[in-house]
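There are 6 protein chains.
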Amino acid sequence: MRLLLANPNSTDAVTHACAVLAHAAASPGTEVVPWTNREGPAAVDSLYTDYLAGGPLATRLASLTPRPDAVVLAGFGNYGTGAVKEVLDVPVVSLPEAAMAFATPLCHRFVIVTTSPRMIAYTEDVVQLLGFAPRCAAVRSVDLPPIGAGDPPADEVVVQLADVVAAARANDRADLVILGGARLSPHAEALRLRTPVVVIEPVACAVALAESLVRLHLTHSKTGKFAPPPRGPRGVRL
Amino acid sequence: MRLLLANPNSTDAVTHACAVLAHAAASPGTEVVPWTNREGPAAVDSLYTDYLAGGPLATRLASLTPRPDAVVLAGFGNYGTGAVKEVLDVPVVSLPEAAMAFATPLCHRFVIVTTSPRMIAYTEDVVQLLGFAPRCAAVRSVDLPPIGAGDPPADEVVVQLADVVAAARANDRADLVILGGARLSPHAEALRLRTPVVVIEPVACAVALAESLVRLHLTHSKTGKFAPPPRGPRGVRL
Amino acid sequence: MRLLLANPNSTDAVTHACAVLAHAAASPGTEVVPWTNREGPAAVDSLYTDYLAGGPLATRLASLTPRPDAVVLAGFGNYGTGAVKEVLDVPVVSLPEAAMAFATPLCHRFVIVTTSPRMIAYTEDVVQLLGFAPRCAAVRSVDLPPIGAGDPPADEVVVQLADVVAAARANDRADLVILGGARLSPHAEALRLRTPVVVIEPVACAVALAESLVRLHLTHSKTGKFAPPPRGPRGVRL
Amino acid sequence: MRLLLANPNSTDAVTHACAVLAHAAASPGTEVVPWTNREGPAAVDSLYTDYLAGGPLATRLASLTPRPDAVVLAGFGNYGTGAVKEVLDVPVVSLPEAAMAFATPLCHRFVIVTTSPRMIAYTEDVVQLLGFAPRCAAVRSVDLPPIGAGDPPADEVVVQLADVVAAARANDRADLVILGGARLSPHAEALRLRTPVVVIEPVACAVALAESLVRLHLTHSKTGKFAPPPRGPRGVRL
Amino acid sequence: MRLLLANPNSTDAVTHACAVLAHAAASPGTEVVPWTNREGPAAVDSLYTDYLAGGPLATRLASLTPRPDAVVLAGFGNYGTGAVKEVLDVPVVSLPEAAMAFATPLCHRFVIVTTSPRMIAYTEDVVQLLGFAPRCAAVRSVDLPPIGAGDPPADEVVVQLADVVAAARANDRADLVILGGARLSPHAEALRLRTPVVVIEPVACAVALAESLVRLHLTHSKTGKFAPPPRGPRGVRL
Amino acid sequence: MRLLLANPNSTDAVTHACAVLAHAAASPGTEVVPWTNREGPAAVDSLYTDYLAGGPLATRLASLTPRPDAVVLAGFGNYGTGAVKEVLDVPVVSLPEAAMAFATPLCHRFVIVTTSPRMIAYTEDVVQLLGFAPRCAAVRSVDLPPIGAGDPPADEVVVQLADVVAAARANDRADLVILGGARLSPHAEALRLRTPVVVIEPVACAVALAESLVRLHLTHSKTGKFAPPPRGPRGVRL
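Chains as they are written, first to last, in the working numbering: chain A, 37 to 274; chain B, 37 to 274; chain C, 37 to 274; chain D, 37 to 274; chain E, 37 to 274; chain F, 37 to 274.
Here you go:
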């Protein structure tokens, strides 16, 4: 099957990093096709860039040919996930959807660690919107500089992550951690060496979930929320 | 004071209809400046058009000169309300925010009537996101054709609204109704003649709330969720 | 318009302090008429005094002539707010109703600071009753002596407030503070100099909200919870 | 032990009817002392009369001598239950508290039937305030005339009750009903003959709960919400 | 009346300790009949032992002759409480049901202290299942060794309990503590000497609640969740 | 990989029917090993049979050799899912866990249809326990006879299912249905021909989820709720 791995931001390095994780997670026979949202912002690190990302993301994916068998939206946020589901019939899975779906059978309560303090409120809204609040012990964050400003050394990021996880285990009683940002995903393996808590890397989960949906011939319901957008004179052209 | 009335869609007729309501609600001394989101979709009638609206809406409002004293986002939805708050320092009020804020002291539980069945799920998400679910008895809808396909006669819309409100009063025990769509707002007065339930017209509430915030020197907090977006090499330029 | 500023307790100094804030917040053309609940307790600092206040408050306001255009209940509590709405047709706004309504578009989550630890549970119940729990990060308190025992110097109160707000920002991730007591309201301006968090002073919000409701010809619904009390042989005479 | 059965309204017939139920429920050795709130309203059938009841109720009970061993507040509402707990050290149990506490081990979800449609919102607030919303399937009502206007024949009330219960069983999937009003309590036995659903009569539960608390030397906590009201120069004198 | 005190585990010492508490709490005329779940595990200290306990517990109690007038399930957990209610018609009360029912009129929010950190998640599930989450400030724990490994000296347990309660009072603002484990119950009296917070000992509450239900001729509803199990070819034989 | 498909009840026909679905859903290379809980009840159709199933289920699976790579618990209920997770290190997935996890990205709100009215309350508890209540529009049921009494013709079951789904779509606004019982799973394909709503067949989802977890080297956290049961003198022997 062909799985489109759509990075909602325009930074190729992020697309590439996610693609590495996606390839590693994919089953034999799955072709992962990386795609970068060229018209999107360099990063989705605010509500504003979320909206800058979502419009072109949905528009471009709506007209993509050939249609992939499924789409993974490779960012840990909202950026129009529902909009993409409206304009497509094939399964569409975002990172928080997949990560939280996979986390539920694996823990009592999970913590999500995001990339910077300002993304905590944003991420809490995503959790609430997707209905996983009863299982989310807390949203916490490390503190990475803005994308493009140069990432800290991997070791330093992992130490930050391990500290946040240890605190969430002690204070929030979380027994599983979800890495809540595409920039954090590459550190999953290193983090696993430093904590007994289960570490969820969302790209792998989203690839696996998308593959499963394709195999089971399941896609999102088109009878309600995700029905195709109505057309009007100056409206949507799909 | 100068109050920008920003219609998130590109349909001038909607901007105009809202402007009429806004002028009627504004205090003496308030200048209401209508603004249409030229780069937006003809209507926000889906999650997809919500995202098409929000990106250009936030971008244009961010660079608008001279800065208004406050902004009313004249659509009953999300379309990047939080994004606009991030990029502006002056008060920004959306229709659902204002309508639900004003409804809370006036009722036990309110019903929101939206424009078509497909907008019910969308509107439920807005209610949830803004935290008003404990006071919302239900989201119901009339069934208007897509914008631009020609609106039904006003009488017919009012009859539909009155029927929905009567059902919501009986079944959902709602004692107040919020008109959940800019296309419904002009029918508020006519509806009031047909129901004893209090009718909230959101444009008027948003104008009044925006005026109050300006007068009280209050604006949204910039210390958390609505802090300015971080800048990066290819990131946001405000 | 004539706006009755009704202090639910019998302490003139509190009425006066609130009147100062109300006058400052009122629009030109609004006459603020201070009123003290002579038959009420010296302070509403318990559930008991809440009930001592509410009975005479509702009874006296029901028979007040001439009827004001709206009523602001100038205490941060319950003390029969719903009862007053039952016996009046004009808009009635309590301080927590107005403060939380105004806070919702301005923040992610607010903290309420009340006057003493024992009022925390009381205030939590008010928040729950009004349906704002999803937006309330926490209720915290300073520790003022009972009313009449002599207030601490203003500087000291402000320092206490600033400390509580700083802690709520760090620990509860609140990005807005509501001053949850009429005795705290006069310190709003001084507190604003000491914190980047938005400070909501409820008297001003309630005045603005009441004015708006009058201007928009909105009042509470009389079709449900706030219908006039039924009359009985020894029952209510309105 | 001496158990004060305090009717929050001033109608002796209600006190008497409750006393009959209380005597029937009391253990040997328990003396039930009926008490009528002479300064209260004829009925608590609104938020207004709730407050009219609560002030004198708490004040008189605070100074009652000799102190009873426990107090049952014989009305299905709020009317200052917390205020009474503040001013007393002995156990205080209201009808909704006792009825819902006893219902929890006996059902999946209960329905409360109140006396008239206007009391539904009032009763929903009581349920919410006491924290039993997760177990309450719905609040429904019969439609009794105001107290003193002459009660319908008992048969008619029972038929109304049975109809409401049957509907709540079918539609709300309730498997237990709580009679939510002192005027409904006398019909419990007759209702039991007409429904397989368990019928909770709150006066009996409150008597039993109060007796248990006395026997176990338990009373409400005085370290938080129910601490004695603070005294001030013109404040409370207990 | 005959009250069966059923210990879901097989440890006689626990049965005995609970029986001492039950006898002390029982009214004159109540015969407490201790019963030990011989086929159950030595302790219910995990989800696994919960299930090991519940099957034989329900099966043996279903066929017990003579039927007692009521059953108290003397463990602080789930272990098939609902199963026992299905197979019996007489009132069945578990410790968490009784303790939380009694706690609701006595506090603002309670803390449950369980026996070891691993039982916190288990106990949170019990609270959630029974619908008391709105009143539960937190679940905390002391750290006892596994049953049979030798209990620490009573003094040490009480010190641990007092420390946890003090922390819960300060941090979670709990004003009542429920001892969440049969092994903790015997320390209630000693703990009361060390904290001003009300201490709920669940065995006593369950005995009192069961007695009350018998006296009031109340038992769990058989019209819904607790209807007798359906019979099938190899199914249940009651 | 070897996937154990564990039927919690003792009815081979159910095991077989699930195995057919599991084989159809499994990836190449996955060996599905059906397993029947010989010591369990004929059906899990009550809380009692849930507990009869769970004890032997966990005990036998704990000692199974060789250990499978993952376990699917092929019943739509609880029956000790958490207990099995405690005693095993390999991924364990129950039908409701998998079905609801897969449903979340595919709909606004789902309805679960269970096998008989009495299982509605049981299933509501499962939904609540797993934390999916915010996404569950309702639990509804068809009305199958007890297992072993002879199933109705498949056509009749499908008609019942289609009717319930149509009602749930209209009244509960569900846009996806989960077949909440192993006996309903075989009808998924036929139901899909009769409704536009997405139909989730849980066995397939559980197989896919279990395969994904194995491939991603993920299993449930052993640091909290699912840690191995503590051992004691007469305790658990794993």
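Each residue gets a CB set at the ideal place from its N, CA and C atoms; glycine is no exception.
I need the DSSP call for F:L39, collapsed to helix, strand or coil. Along the sixth sequence, one-based indexing puts residue 39 of chain F at 3. DSSP places F:L39 in strand when its eight states are reduced to three.
Report the option in D:A190, D:V239 and D:K261 whose CA atom is closest to the CA atom of D:D108. Against the fourth sequence, residue 108 of chain D aligns to sequence position 72. Note on residue identity: the sequence assigns Val, not Asp, to residue 108 of chain D. When only C-alpha atoms are compared, the closest one is D:V239.
Run through DSSP, which three-state label would E:L215 get? Along the fifth sequence, read from residue 1 onward, the residue named residue 215 of chain E stands at position 179. Correct three-state label for E:L215: strand.
Just the C-alpha distance for C:M37 and D:A61, rounded to the nearest angstrom, thanks. Indexing the third sequence from 1 puts residue 37 of chain C at position 1. Indexing the fourth sequence from 1 puts residue 61 of chain D at position 25. Near 57 Å, if we compare the C-alpha coordinates of D:A61 and C:M37.
Tell me whether E:P238 sits in a helix, a strand or coil according to DSSP, three-state version. Numbered from its first residue, the fifth sequence carries residue 238 of chain E at position 202. In the structure shown, E:P238 sits in a helix (DSSP, three-state: H, G or I).
Can you list, in chain order, the residues of its chain with a C-beta nearer than 6 Å to that of D:A226? Leave out the 5 residues immediately preceding and following it. Start at 1 with the first residue of the fourth sequence, and residue 226 of chain D comes out as number 190. For D:A226, where only same-chain residues beyond five positions count, the Cβ hits under 6 Å are V194.
Given this structure, state the Cα-to-Cα distance separating D:L83 from C:G118, to the nearest angstrom. The residue given as residue 83 of chain D occupies position 47 in the fourth sequence. The residue given as residue 118 of chain C occupies position 82 in the third sequence. So the alpha carbons of these two residues sit roughly 6 Å apart.
Give a yes or no on whether the minimum CB-CB distance between F:H144 and chain B is below 9 Å. As a first step, residue 144 of chain F must be located in the sixth sequence, where it is residue number 108. Contact with chain B is found for F:H144, since one of that chain's Cβ atoms lies less than 9 Å from the residue's Cβ.
Straight-line Cα distance separating B:G216 from B:A134: Numbered from its first residue, the second sequence carries residue 134 of chain B at position 98. Numbered from its first residue, the second sequence carries residue 216 of chain B at position 180. Spanning the two alpha carbons is a distance of roughly 11 Å.
Below 7 Å between beta carbons is the criterion; list the residues of the stretch 148 to 176 of chain B that meet it against any residue of chain F, in chain order. I156 and A157
Nearest neighbour of C:V275, chosen from C:T85, C:P102, C:I236 and C:E192 [CA to CA]: An answer regarding residue 275 of chain C cannot be provided, because it is not within the stretch 37 to 274 covered by chain C.
Express the C-alpha separation of E:A204 and E:A174 in angstroms, rounding to a whole number. Start at 1 with the first residue of the fifth sequence, and residue 174 of chain E comes out as number 138. Start at 1 with the first residue of the fifth sequence, and residue 204 of chain E comes out as number 168. So the alpha carbons of these two residues sit roughly 8 Å apart.
Using the Cα positions of D:P269 and C:S46, report the straight-line distance between them to the nearest angstrom. Along the fourth sequence, read from residue 1 onward, the residue named residue 269 of chain D stands at position 233. Along the third sequence, read from residue 1 onward, the residue named residue 46 of chain C stands at position 10. Residue placement at D:P269 cannot be trusted, given a pLDDT of 37 that sits under 50; the coordinates are not used to answer.
Chain-ordered chain C contacts of B:P70 [CB-CB under 9 Å]: Within the second sequence, residue 70 of chain B is the residue found at index 34, counting from 1. None at all; the shortest Cβ gap to chain C is about 20 Å.
Listed in chain order, which residues of the stretch 80 to 107 of chain B have Cβ atoms closer than 9 Å to some Cβ of chain A? D81, S82, L83, Y84, T85, D86, Y87, L88, A89, G90, G91, P92, L93, A94, T95 and A98
Any Cβ of chain C within less than 9 Å of the Cβ of D:T262? Locating residue 262 of chain D in the fourth sequence gives position 226, counting from the first residue. Reading the sequence as shown, one finds Phe at residue 262 of chain D and not Thr. Answer yes: the Cβ-Cβ gap between D:F262 and chain C drops below 9 Å somewhere.
Does the Cβ of C:D211 have 16 or more other Cβ atoms within 10 Å, making it buried, or fewer, making it exposed? Position 175 of the third sequence, counting from 1, holds the residue named residue 211 of chain C. Buried, because 16 or more other Cβ atoms sit within 10 Å of the Cβ of C:D211.
How many whole angstroms separate the CB atoms of B:N114 and B:L93, which I take to be in contact at a CB cut-off of 8 Å? The count along the second sequence starts at 1 and reaches residue 114 of chain B at position 78. The count along the second sequence starts at 1 and reaches residue 93 of chain B at position 57. B:N114 to B:L93, Cβ: 11 Å. No contact.
If you draw a straight line from the C-alpha of B:T51 to the C-alpha of B:A139, how long is it? The residue labelled residue 51 of chain B in the question sits at position 15 within the second sequence. The residue labelled residue 139 of chain B in the question sits at position 103 within the second sequence. Those two C-alpha atoms are separated by around 24 Å.
Can you list, in chain order, the residues of its chain with a C-beta nearer than 6 Å to that of E:V120? Leave out the 5 residues immediately preceding and following it. As a first step, residue 120 of chain E must be located in the fifth sequence, where it is residue number 84. Hits under 6 Å: A94, L97 and V128.
Spatial neighbours of A:L166 within its chain, please: C-beta separation below 8 Å, excluding the five flanking residues on both sides. Counted from its first residue, the first sequence places residue 166 of chain A at position 130. P132, E133 and M136, listed in sequence order.
Through-space distance from E:L124 to D:R209, alpha-carbon basis: Counted from its first residue, the fourth sequence places residue 209 of chain D at position 173. Counted from its first residue, the fifth sequence places residue 124 of chain E at position 88. Cα-Cα distance, rounded: 22 Å.
As a quick exercise: from F:A53, F:V243 and F:I156, pick the residue whose alpha carbon is nearest that of F:G65. As a first step, residue 65 of chain F must be located in the sixth sequence, where it is residue number 29. Selected option, being the one with the closest Cα: F:V243.
Can you tell me which of the three DSSP states F:E67 falls into? Counting from one through the sixth sequence, the residue named residue 67 of chain F turns up at place 31. Under the three-state reduction of DSSP, F:E67 is assigned to strand.
Residues in the stretch 245 to 258 of chain C with C-beta within 8 Å of chain B's C-beta atoms, listed in sequence order? L245, E247, S248, L249, R251, L252, L254, T255, H256, S257 and K258
Mind checking if A:P14 is an interface residue toward chain B, Cβ cutoff 9 Å exclusive? Outside the displayed span of chain A (37 to 274) sits residue 14 of chain A, for which this structure offers no information.
One or two residues paired with B:L109 in a DSSP bridge: Along the second sequence, one-based indexing puts residue 109 of chain B at 73. DSSP, once it has assigned bridges, lists B:A42 and B:S130 as partnering B:L109.
Buried or exposed for B:A185, going by 16 or more other Cβ atoms inside 10 Å? In the second sequence, counting from the first residue as 1, residue 185 of chain B sits at position 149. B:A185 should be labelled exposed.
Close-in-space but distant-in-sequence residues of the same chain around A:F146 (CB under 7 Å, 5 per side omitted): Residue mapping note: residue 146 of chain A aligns to position 110 of the first sequence, counting from 1. A139, R171, C172, A173, A210, L212, V213 and I214, listed in sequence order.
Residue-chain proximity (F:E237, chain E), Cβ-Cβ < 9 Å: Translated into the one-based positions of the sixth sequence, residue 237 of chain F becomes position 201. So no, F:E237 is outside the interface.
If you measure from the beta carbon of B:A198 to each beta carbon in chain C, is any gap under 9 Å? Walking along the second sequence from the start, residue 198 of chain B turns up at place 162. Chain C contact via Cβ: absent.
Would F:G91 and E:G260 be called neighbours here (beta carbons separated by less than 9 Å)? Residue mapping note: residue 91 of chain F aligns to position 55 of the sixth sequence, counting from 1. Residue mapping note: residue 260 of chain E aligns to position 224 of the fifth sequence, counting from 1. Result no, Cβ atoms of F:G91 and E:G260 do not sit closer than 9 Å.
Give the interface partners of F:V233 over in chain A, defined as CB-CB distance under 7 Å, in chain order. As a position in the sixth sequence, residue 233 of chain F is number 197, starting the count at 1. In chain order: S257 and T259.
Same chain, Cβ closer than 7 Å to C:T85, neighbours up to 5 away in sequence not counted: Within the third sequence, residue 85 of chain C is the residue found at index 49, counting from 1. Excluding positions up to five away in sequence, the list reads P77 and A79.
For B:C172, report the span of its beta strand (DSSP E) as first-last. Counting from one through the second sequence, the residue named residue 172 of chain B turns up at place 136. Looking at the DSSP string, the run of the beta strand (DSSP E) that includes B:C172 is C172 to S177.
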